[in-house]
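Residue numbering for the sequence shown is 15 to 479, as defined by our numbering. Notes follow the structure.
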Amino acid sequence: MAEAIEIDGSSPVAVALIEALGPQSVLLDDDVTGRAAGIWRSDTIKARVLVRPRSTEEVSTAMAICHAHDQPVIAHGGLTGLVESALTSPQDVVISLERMNQIEEVNPLERTMVVQSGVPLQVIQDEAEEHGLMFPLDLGARGSCTIGGNISTNAGGNRVIRYGMTRDMVLGLEVVLADGTVIDAMNRMIKNNAGYDLKQFFIGSEGTLGIVTRAVLRCREAVSDYPTLLAAVASFSDLTAFLKHMDAGLSGNLSAFEVMWNNYYQLVTTEPATNQAPLDSSYPYYVLVEAMGADDATVEAVMMTALEKELIPDAVLAQSGQQRQQIWALRDDVEQTMRFGPTFVFDVSLRIPFMEAYVEAVNEGLESHFDEVRNFTFGHMGDGNLHFVIAVGDGSAEARKVVENCVYGPLEEIRGSVSAEHGVGLEKKPYLSIARSEEEVALMRTIKQALDPKGLLNPGKIFDA
Ligand SMILES: Cc1cc2nc3c(=O)[nH]c(=O)nc-3n(C[C@H](O)[C@H](O)[C@H](O)COP(=O)(O)OP(=O)(O)OC[C@H]3O[C@@H](n4cnc5c(N)ncnc54)[C@H](O)[C@@H]3O)c2cc1C
């Protein structure tokens, strides 16, 4: 482990970085500490040196210099991560991928795109569309997050039920290791079973094993129709039956099954929120169902059968692109949850049969500790992924601990996970053992030791090396 020395513009490592890459590529002091530490954070970056490489070669040079100086390095993408995995200290150097923002190639025949890792997700989605393609990854932070951050967190999002997580959309990767070695794993084929699939080590490793510099992405043919409906649901058992009904009836076209508990739906359809409520707000659950590539008539027929079978009491099918956006706006208006003072955000994974009792256990736990509890509950229920935004107490570290115990404690016996899609970072590090066995964590340490023996890449995140 490197010695903890505060780094600034006069430090030998900073001088070497400026000499090798030029002053335009290395920001110092206020130019770094003036930046926000994250999208929903009120603090600023603690590191005082930030490198902005323009190419893989420059990333490699920067890493080799840092390696020679035993210098810890934290990679920064769009800083939309929600688990404190990009936080820095004055001892760190930041490598920001913000200037590696080029789309190098789109191949409509092979349905691939070659990108640098600093390209924002939305730019990739738009570029795919211009070529008659679609890049299926989609999440609320699409305008700010980068593909390098998506890869490093193995982001999930709205369409996992159909297309999988980020790791399912990456064919190849280029990564710079801690010592500056460039690993060219820019595979462009769908199938390649020749030995270990090394790119998977880096996908979801939160910048602890290497800096992702380029990627080959797997796109799909563009889809012209996005039928979307909002349904009210009267009970949790009806919710699971409705999921099965829609999945079976849509013959593989189900692309989102996003559930909002009543308190979330009420919040996003009541002033000061500006969304209209398409359905009466008295039902316990609401589901957004999207069926990319299906036609409206099929979706309507499957929806009508669900109404006839009384799986759902009410539903509305979007009749235009604008109505579709209005339904999605309900699900995406997560920022409304921030209006009740300090909040704690959670992203847990569990088997659907345990979900109803689990949510009850979490709420009972919270109510036994706090007088006033707001637990806005929603998520990618079709993937077994729930989000809670919990507003209780004063936001103190003590309150956080109590809330974390209420949320993570009941996961242990049902073998759920403390992270469905956001990652671990610093925030969930104390709870890693709930989701991973001792043997798994030991193997993670072995891999970290093999790839980064000096422990320079994002030290202290996920687990202690
Ligand atoms: C409104 C909102 C909605 C969201 N919805 C979802 C969602 O539905 N699903 C989901 O999964 N997440 C979601 N997130 C979380 C977040 O957007 C994702 O984690 C995203 O993938 C992070 O990308 P980023 O570029 O912002 O990465 P950053 O926050 O900059 O970094 C995240 C981690 O990746 C590392 N990293 C970044 N770039 C690189 C690189 N090039 N090489 C190596 N390591 C790197 C960092 O060191 C850090 O550990 C949401 C966030 C917000 C604010």
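Yeah, the Cβ is synthetic: ideal placement off N, Cα and C, and Gly gets one too.
**Asked** Residue range of the alpha helix (DSSP H) that Gly162 falls in?
**Response** Ile161 to Thr167 is the extent of the alpha helix (DSSP H) around Gly162.
**Asked** Any heavy atom of ligand 1 closer than 7 Å to the CB of Val348?
**Response** True, at least one ligand heavy atom lies under 7 Å from that Cβ.
**Message:** Threshold first: 4 residues or longer. Then list the alpha helix (DSSP H) segments lying entirely within the region 266-306, N to C.
**Reply:** 276-282
**Message:** Taking 7 Å as the cut-off, is the C-beta of Trp275 nearer than that to any heavy atom in ligand 1?
**Reply:** No, the Cβ of Trp275 stays beyond 7 Å of every heavy atom of ligand 1.
**Asked** Ends of the alpha helix (DSSP H) at Ile448?
**Response** Per DSSP, Ile448 belongs to the alpha helix (DSSP H) from Leu446 to Ala449.
**Request:** Look at the alpha carbon of Ala479 and the alpha carbon of Ile461, and state the distance between them as a whole number of angstroms.
**Result:** 10 Å
**Request:** Tell me whether Met274 is buried or exposed, calling it buried when 16 or more other Cβ atoms sit within 10 Å of its Cβ.
**Result:** buried
**Message:** By the three-class DSSP mapping on this structure, what secondary structure does Thr195 have?
**Reply:** coil
**Message:** Can you list, in chain order, the residues of its chain with a C-beta nearer than 7 Å to that of Gln280? Leave out the 5 residues immediately preceding and following it.
**Reply:** Hits under 7 Å: Ser295.
**Counted within 10 angstroms of its Cβ, other Cβ atoms place Ala30 as buried (16 or more) or exposed** = buried
**Beta carbon of Ala89 nearer than 8 Å to that of Ile225** = yes
**Request:** Confirm the yes/no value for this check: CB of Ala89, any heavy atom of ligand 1, distance under 7 Å.
**Result:** At least one heavy atom of ligand 1 lies less than 7 Å from the C-beta of Ala89.
**Asked** Just to confirm, does Ile59 get its C-beta within under 7 Å of one of the non-hydrogen atoms of ligand 1?
**Response** no
**Message:** Going by beta-carbon coordinates alone, are Ala229 and Val184 separated by less than 8 Å?
**Reply:** yes
**Prompt:** Taking DSSP as the reference, what is the three-state secondary structure of Phe250?
**Reply:** Here Phe250 sits in helix by DSSP.
**Prompt:** Going straight from the alpha carbon of Leu471 to that of Thr319, what length do you get?
**Reply:** Cα to Cα, Leu471 sits roughly 54 Å from Thr319.
**Message:** I'd like to know if the region 187-198 and the region 235-248 are in contact, where contact means that at least 3 CB-CB pairs between them fall below 8 Å.
**Reply:** Verdict: no, contact absent.
**Which listed residue (Asp43, Phe392 and Leu264) has its alpha carbon closest to that of Asn277** = Phe392
**Prompt:** Counting pairs of beta carbons, one from the region 26-40 and one from the region 74-92, are three or more of them closer than 8 Å?
**Reply:** yes
**Request:** Would you mind stating whether Leu302 and Leu231 have Cβ atoms separated by less than 8 Å?
**Result:** no
**Request:** Name the two residues that bound the continuous alpha helix (DSSP H) containing Glu72.
**Result:** Thr70 to Ala82
**Start and end residues, beta strand (DSSP E) containing Leu7** = Outside the shown range of the chain (15 to 479) lies residue 7, about which nothing can therefore be said.
**Message:** Relative to the C-alpha of Asn164, which candidate in Thr227, Tyr210, Ala208 and Val107 has its C-alpha closest?
**Reply:** Thr227
**Request:** Check each candidate in Ser251, Phe250, Ala287 and Arg234 and name the one with the smallest Cα separation from Met306.
**Result:** When C-alpha distances from Met306 are compared across Ser251, Phe250, Ala287 and Arg234, the shortest belongs to Arg234.
**Prompt:** Quick one, which of Leu93, Ile326, Val359 and Ser99 has its alpha-carbon nearest Val438's?
**Reply:** Ser99
**Prompt:** So, do the region 339-353 and the region 306-315 have three or more beta carbon pairs nearer to each other than 8 Å?
**Reply:** no
**Request:** May I ask whether a heavy atom of ligand 1 can be found less than 7 Å away from the beta carbon of His81?
**Result:** no
**Request:** Give me the Cα-Cα distance between Val359 and Glu441, rounded to the nearest whole angstrom.
**Result:** The alpha-carbon atoms of Val359 and Glu441 are separated by roughly 10 Å.
**Prompt:** At a cut-off of 7 Å, is Lys475 close to ligand 1 when judged by its beta-carbon and the heavy atoms of the ligand?
**Reply:** yes
**Asked** Which residues in the same chain have their Cβ closer than 8 Å to the Cβ of Leu331, if we skip the five residues on either side of it in sequence?
**Response** Pro241, Thr242, Leu243, Asp310, Val313, Glu314 and Met317
**Message:** According to DSSP, Met148 sits in a beta bridge with which residue or residues?
**Reply:** Arg234
**Asked** Using 8 Å as the threshold, is the region 356-370 in touch with the region 418-436, meaning 3 or more CB pairs across them?
**Response** The region 356-370 is in contact with the region 418-436.
**Request:** State the DSSP-derived secondary structure class of Ile117, mapped to helix, strand or coil.
**Result:** strand
**Message:** Using 8 Å as the threshold, is the C-beta distance between Phe490 and Ala155 below it?
**Reply:** The structure shown has nothing for residue 490, since the chain only spans 15 to 479.
**Item:** Strand pairing of Val403, partner residues [DSSP]
**Value:** Bridge pairing for Val403: Val359 and Phe390 [DSSP].
**Prompt:** Are there 16 or more other CB atoms within 10 angstroms of the CB of Glu20, so buried, or fewer, so exposed?
**Reply:** Label assigned to Glu20: exposed.
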